[in-house]
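Sequence positions in the sequence shown follow mature numbering (1 follows the signal peptide of the UniProt record, and there is no 0) and run -27 to -1, 1 to 171. Everything on this sheet refers to the single structure shown next.
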Amino acid sequence: MTQISHRVSGLRAGTLTLIGACGLALAGCSGETPASDETGAAVLAEPASDPVPELLDDTDGMETVDDALEDTGLAGIFEGNASYTLLAPDDASFAALGDGGKALTDGEDEAAMAALLKQHLLPGYLMPRDIESAIERSDEDSVTITSLAGEDLTFRRNGDAITVTAPDGAEATFKGEALAGGASVAIPVSGLLRKAES
């Protein structure tokens, strides 16, 4: 456990590489007390045997991202032993796309939806508390994690909440309770990590 802490704290410029993300994932299994609701950050729910997509299906406000995972075939990655963290946009985030996003959410452009979802997927099992702790230890008060889309996402504390920003400036905020299922976890967020095309 000491080695993991040293490895994470030694990362330059507050950046979490894939190795650092895996270190945090292992740290998350240590039984640390999760962040309280009072921080405004998402907290980890009790681990469940159901995979993440099934948990999303049973969660109010998560219908669109759940359908998108099924339509694109990405739901299958949660069935294996590999661990992933999904920053799961709520239904309101997709609704904000307006008419221009209907082809995306109606399943007419599965390739574009898959690309969007990969921007919200991180390697490893990262609890909100892990990300929050890494931000607190960072000299720059931020942590960067590379998504499965290959783009760096920057996590910061904004008042009592944790926000994540994409390279194009799109921003989302942790909200609600995180869902732990199988080897992965979903953290509900308000906002999409890609700006709508004008």
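Each residue gets a CB set at the ideal place from its N, CA and C atoms; glycine is no exception.
Quick one: what's got a C-beta closer than 7 angstroms to residue i's C-beta in the same chain, skipping five residues either side?
i, result
"residue 39", "26, 29 and 30"
"residue 41", "86 and 90"
"residue 36", "64"
"residue 76", "82"
Quickly, what does DSSP pair residue i with across the bridge? List them, please.
i, result
"residue 111", "None, per the DSSP bridge assignment."
"residue 116", "128"
"residue 138", "127 and 144"
"residue 58", "95 and 158"
"residue 153", "158"
DSSP three-state label for residue i, please.
i, result
"residue 167", "coil"
"residue 121", "coil"
"residue 26", "helix"
"residue 88", "helix"
"residue 43", "helix"
"residue 81", "coil"
"residue 37", "helix"
"residue 76", "helix"
"residue 71", "helix"
Quick check: is any heavy atom of the ligand NAD less than 7 angstroms from the C-beta of residue i?
i, result
"residue 81", "In the structure on display, the ligand NAD does not appear, and there are no ligands present to speak of."
So is residue i buried or exposed if we call it buried at 16+ other beta carbons inside 10 Å?
i, result
"residue 74", "buried"
"residue 140", "exposed"
"residue 22", "exposed"
"residue 49", "exposed"
"residue 154", "buried"
"residue 52", "exposed"
"residue 109", "exposed"
"residue 105", "buried"
"residue 159", "buried"
Ordered along the chain, which non-local residues of its own chain (more than five positions away) have a Cβ less than 8 angstroms from that of residue i?
i, result
"residue 163", "62, 63, 65, 66, 145, 146 and 148"
"residue 88", "122"
Give me, in chain order, the residues of the same chain whose beta-carbon lies closer than 6 angstroms to that of residue i; leave out the 5 immediate sequence neighbours on both sides.
i, result
"residue 125", "117 and 119"
Worksheet item: Are the stretch 93 to 101 and the stretch 53 to 60 touching by the rule of at least three beta carbon pairs closer than 8 angstroms?
Response: yes
Discussion item. Would you call the stretch 99 to 114 in contact with the stretch 79 to 90, where contact means no fewer than 3 C-beta pairs closer than 8 angstroms?
Written reply: no
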